[in-house]
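*Asks:* Chains as they are written, first to last, in the working numbering: chain C, 1 to 208; chain S, 209 to 416; chain Y, 417 to 624.
Positions of the beta carbon are idealized from the N, C-alpha and C atoms, including for glycine.
Supplied in structure tokens, the structure appears directly below.
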Amino acid sequence: MGFSLIPKEEQFFDLFDKQAAVITTAAACFKELAAGAKFDDAGIERMKDIEHQCDEITHDIIDRLNRSFITPFDREDIYELAHELDDLVDMMFSVSKRMRLYKLEGNNPELVKFTELIGQSVRCLAKALGSLRHSKVHKPILVCCIEINRLENEGDHLRDQVIGDLFDKASDPIMVIKWKEIFEGVETCLDIAEDVSNIIESILVKNA
Amino acid sequence: MGFSLIPKEEQFFDLFDKQAAVITTAAACFKELAAGAKFDDAGIERMKDIEHQCDEITHDIIDRLNRSFITPFDREDIYELAHELDDLVDMMFSVSKRMRLYKLEGNNPELVKFTELIGQSVRCLAKALGSLRHSKVHKPILVCCIEINRLENEGDHLRDQVIGDLFDKASDPIMVIKWKEIFEGVETCLDIAEDVSNIIESILVKNA
Amino acid sequence: MGFSLIPKEEQFFDLFDKQAAVITTAAACFKELAAGAKFDDAGIERMKDIEHQCDEITHDIIDRLNRSFITPFDREDIYELAHELDDLVDMMFSVSKRMRLYKLEGNNPELVKFTELIGQSVRCLAKALGSLRHSKVHKPILVCCIEINRLENEGDHLRDQVIGDLFDKASDPIMVIKWKEIFEGVETCLDIAEDVSNIIESILVKNA
């Protein structure tokens with residue numbers, strides 16, 4: 001299937017650009033909360049607003065998908081893409097809520113580092129999504145995908161190191177339970193970004 | 209694709225009605241066990257029987273699906289619907305088994321409240337499934353879907369409140385581990401019901 | 417769709433044989449590490465190499481799938497099959513890494529037992545995958561699938577027993593957290609094997 005420029009198809013690209021913009025905002029807000037030790041009610045409320053915006057765009061994409069006969073690439077891939085991007089914002093929101101629920105201080109250097117990795121990954125993701133319109137030009141998209149995979153690997157190592165430390169120094173099991181969940185949560189954000197990157201790569205192959 | 213009344217297709221609706229009936233029984237039994245502090249061998253055996261019945265119906269649906277050329281709605285949606293409904297019963301069974309394994313008393317007011325929310329959600333689900341035969345009449349189905357989403361939100365808040373309390377009052381980390389898992393399990397039941405509701409909504413849109 | 421013998425289709429069967437061989441190696445290595453208390457750097461490195469080999473074969477299958485017009489069975493089933501098999505090796509690798517991270521001794525009799533169950537399940541899986549070439553002959557494949565399901569059930573019981581013991585004897589919550597995760601991890605390996613078996617069964621039905 002080729003990439004035509006029928007306006008109807010263009011609308012999918014516009015919606016993915018909108019979703020990419022919301023995810024970028026979510027990652028920036030998440031990093032700000034982590035760096036500023038601000039997982040307070042106001043901070044959670046901001047994350048919630050962003051999560052809600054993302055929900056609406058996701059809903060728009062699925063709705064349009066269900067009503068469209070012609071799509072710029074495989075129906076199933078559009079569906080997966082929209083849902084995984086939504087999951088990514090949900091996960092950042094979810095971790096933020098748990099930080100507050102567990103009354104954990106932000107300003108934890110490893111947590112800040114993780115939100116930076118997520119920020120970098122999301123930046124690559126937004127770039128790759130934006131380039132899907134011109135998906136015949138593979139090179140710049142693939143460069144983004146490789147970087148997203150590298151960041152996921154870096155996150156894997158960081159999580160293992162942090163969780164190893166947590167258990168080695170463990171005096172309070174309650175703190176182990178709390179922080180283990182938080183660090184597995186932020187690493188999952190990088191996993192989801194990698195899932196999105198895999199979907200994008202398979203779209204490229206199919207449309208080669 | 210329209211909704212014809214070919215008997216072969218009708219059989220799918222009959223099977224989903226059967227599955228809805230089993231899930232209703234599962235939710236009633238689950239609530240009874242929670243309210244009566246009865247996660248004993250006899251109670252678990254009852255849940256197991258119900259779970260087994262649900263397995264058989266799910267298997268029937270998938271088997272029929274694999275053998276059918278014509279289906280009342282998208283093959284993929286029927287598949288997802290049957291599996292998610294099966295997952296819902298599996299989850300109730302799973303939580304019940306963990307209650308016994310962890311030697312936890314039922315009669316916990318928040319657990320009872322959760323089984324009530326699940327009961328309400330399942331009632332809406334059964335109604336929505338039963339209305340799929342007449343899926344051109346969207347309104348009553350959508351009312352059910354909205355209520356299922358509302359119940360999932362209520363469950364989210366309840367889980368956060370219960371888990372927050374658990375950690376605030378935590379003296380025994382072992383009890384925290386046990387109850388945290390139980391409450392995340394019951395909330396997952398409401399999440400699965402919401403997933404089913406989302407599938408039903410997308411079926412409506414595709415057949416509009 | 418029938419099973420033709422076009423070489424292009426044969427290549428999928430060859431790749432699944434290769435994937436089956438790698439999974440067999442992974443299960444053997446995993447069992448050896450568990451039996452020999454050797455979750456040390458060298459052991460993890462061996463698991464990592466195997467996981468990497470599996471990644472490459474999975475990538476080959478998906479790539480070939482995206483480029484093929486004709487496939488020996490449903491595109492979606494090939495995709496799911498390759499991914500679930502990859503997940504199985506990932507899970508064994510993941511549990512191995514956690515054993516080292518948590519500085520847990522292997523030589524735990526229940527862990528050894530689990531790696532034996534996984535070994536048996538993987539043997540059945542390899543046999544079933546190898547028989548897909550001759551998928552008109554259902555009987556030997558179904559015998560494998562039934563055995564895989566039986567092994568998953570055995571694993572379920574073993575996990576419940578081990579986790580029950582863990583909590584009954586719990587003095588150190590940190591050890592409960594560590595071992596609970598390990599035993600849920602090994603049980604998940606058997607779950608994934610069962611998922612693969614279910615996909616194989618549905619391939620049989622569709623091609624009956």
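Tell me which residue opens and which closes the alpha helix (DSSP H) that Pro556 of chain Y is part of.
*Replies:* Residues His554 to Asp584.
*Asks:* For Leu504 of chain Y, return the contacting residues in chain C, with the cut-off set at a CB-CB distance below 7 angstroms.
*Replies:* Correct list: empty, because the minimum Cβ distance to chain C is about 17 angstroms.
*Asks:* Can you look up Ile473 of chain Y in the DSSP assignment and give me helix, strand or coil?
*Replies:* helix
*Asks:* Helix, strand or coil, according to DSSP, for Phe39 of chain C in the structure here?
*Replies:* Note: Phe39 of chain C maps to coil in three-state DSSP.
*Asks:* Is the stretch 353 to 363 of chain S close to the stretch 549 to 556 of chain Y, with three or more CB pairs under 8 angstroms?
*Replies:* no
*Asks:* Using the rule of at least 16 other Cβ atoms within 10 Å of the residue's Cβ for burial, across every protein chain shown, is Ser379 of chain S buried or exposed?
*Replies:* exposed
*Asks:* I'd like the span of the alpha helix (DSSP H) that includes Arg430 of chain S, first residue to last.
*Replies:* A query on residue 430 of chain S cannot be resolved here, the shown segment of chain S reaching from 209 to 416 and no further.
*Asks:* When you compare only the Cα positions, how much space is there between Leu111 of chain C and Asp433 of chain Y?
*Replies:* Whole-angstrom Cα-Cα distance: 42 angstroms.
*Asks:* Around the C-beta of Ser70 of chain C, are 16 or more other C-beta atoms found within 10 angstroms, so that it is buried, or is it exposed?
*Replies:* As written in the sequence, residue 70 of chain C is Ile, which differs from the Ser given in the question. Under this definition Ile70 of chain C is an exposed residue.
*Asks:* Please state whether DSSP places Pro488 of chain Y in a helix, a strand or coil.
*Replies:* coil
*Asks:* Report yes or no: is there a C-beta of chain S within less than 8 angstroms of the C-beta of Glu472 of chain Y?
*Replies:* no
*Asks:* Does Ala242 of chain S come out as helix, strand or coil in the three-state DSSP assignment?
*Replies:* In the structure shown, the three-state DSSP call for Ala242 of chain S is helix.
*Asks:* Excluding the 5 residues flanking Phe114 of chain C on each side, which residues of the same chain have their C-beta closer than 6 angstroms to its C-beta?
*Replies:* Val186
*Asks:* Are there 16 or more other CB atoms within 10 angstroms of the CB of Ser4 of chain C, so buried, or fewer, so exposed?
*Replies:* Its pLDDT being 46, under 50, Ser4 of chain C is placed unreliably by the model, and the measurement read from it follows with that caveat. Answer is exposed; the Cβ neighbour count stays below 16.
*Asks:* Quick check: what's the CA-CA separation for Asp294 of chain S versus Ala35 of chain C?
*Replies:* Rounded to whole angstroms, Asp294 of chain S and Ala35 of chain C show a C-alpha spacing of 43 angstroms.
*Asks:* Which of the three DSSP states, helix, strand or coil, is assigned to Asn482 of chain Y?
*Replies:* helix
*Asks:* Compare the C-alpha of Asp210 of chain C against each of C:Thr188, C:Met99 and C:Thr58 and name the closest.
*Replies:* Outside the displayed span of chain C (1 to 208) sits residue 210 of chain C, for which this structure offers no information.
*Asks:* My guess is that Lys596 of chain Y and Ile608 of chain Y are in contact by the Cβ rule of under 8 angstroms, so how many angstroms apart are they, rounded?
*Replies:* That belief does not hold up - the Cβ atoms of Lys596 of chain Y and Ile608 of chain Y are roughly 19 angstroms apart, past 8 angstroms.
*Asks:* How close, in whole Å, do the beta carbons of Ser304 of chain S and Leu241 of chain S come, if the pair is a contact with beta carbons under 8 angstroms?
*Replies:* Approximately 6 angstroms separates the beta-carbon atoms of Ser304 of chain S and Leu241 of chain S; this is inside 8 angstroms, confirming the contact.
*Asks:* In whole angstroms, what is the alpha-carbon distance linking Ala544 of chain Y and Val438 of chain Y?
*Replies:* It is roughly 15 angstroms from the alpha-carbon of Ala544 of chain Y to the alpha-carbon of Val438 of chain Y.
*Asks:* Does any residue of chain A bring its CB to less than 8 angstroms from the CB of Asn316 of chain S?
*Replies:* Of the chains in the structure shown, none is chain A; the protein chains are C, S and Y.
*Asks:* What is the rounded straight-line gap between the Cα of Met417 of chain Y and the Cα of Pro525 of chain Y?
*Replies:* Any reading at Met417 of chain Y must be qualified, since the residue scores a pLDDT of 43, below 50, and its modelled position is unreliable; the value itself is stated next. Each residue's CA atom was taken as its position, placing Met417 of chain Y and Pro525 of chain Y some 47 angstroms apart.
*Asks:* Rounded to whole angstroms, what is the Cα-Cα separation between Lys713 of chain Y and Ile534 of chain Y?
*Replies:* Not covered by the structure: residue 713 of chain Y. The range shown for chain Y is 417 to 624.
*Asks:* Could you list which residues in chain C have their beta carbon closer than 8 angstroms to that of Ala242 of chain S, in chain order?
*Replies:* Simply none; closest approach about 24 angstroms.
*Asks:* If you measure from the beta carbon of Pro381 of chain S to each beta carbon in chain Y, is any gap under 8 angstroms?
*Replies:* yes
*Asks:* With a threshold of 7 angstroms on Cβ separation, who are the neighbours of Cys29 of chain C within its own chain once the five nearest residues in sequence on each side are excluded?
*Replies:* Arg46, Met47 and Ile50
*Asks:* Between which two residues does the alpha helix (DSSP H) carrying Leu104 of chain C extend?
*Replies:* Careful: Leu104 of chain C lies outside any alpha helix (DSSP H) and carries neither H nor E.
*Asks:* Would Tyr518 of chain Y and Lys447 of chain Y qualify as a contact pair, given that the criterion is a beta-carbon distance under 8 angstroms?
*Replies:* no
*Asks:* Counting contacts by CB-CB distance shorter than 8 angstroms, is Gly372 of chain S in contact with chain C?
*Replies:* yes
*Asks:* Report the rounded CA-to-CA distance for Ser551 of chain Y versus Val592 of chain Y, giving the unit in angstroms.
*Replies:* 45 angstroms
*Asks:* In chain Y, which residues lie less than 8 angstroms from Val196 of chain C when you measure between Cβ atoms?
*Replies:* Near Val196 of chain C there are no residues of chain Y at all, since even the closest Cβ is about 15 angstroms away, more than 8 angstroms.
*Asks:* Quick one, which of Y:Tyr495, Y:Asp471, Y:Ala436 and Y:Arg514 has its alpha-carbon nearest Gln456 of chain Y's?
*Replies:* The sequence given here has Asp at residue 456 of chain Y, not Gln. The shortest C-alpha separation from Asp456 of chain Y is found at Y:Arg514.
*Asks:* Taking any Cβ of chain S, which residues in the stretch 144 to 158 of chain C have a Cβ under 8 angstroms from it, in chain order?
*Replies:* none
*Asks:* Report the neighbours of Leu309 of chain S on chain Y: residues whose CB is nearer than 8 angstroms to its CB, in chain order.
*Replies:* Asp576, Ile579, Gly580 and Phe583
*Asks:* Determine the burial state of Ala250 of chain S: buried for a count of at least 16 other Cβ atoms within 10 Å of its Cβ, exposed for fewer.
*Replies:* With a threshold of 16 other beta carbon atoms within 10 Å, Ala250 of chain S falls short and is exposed.
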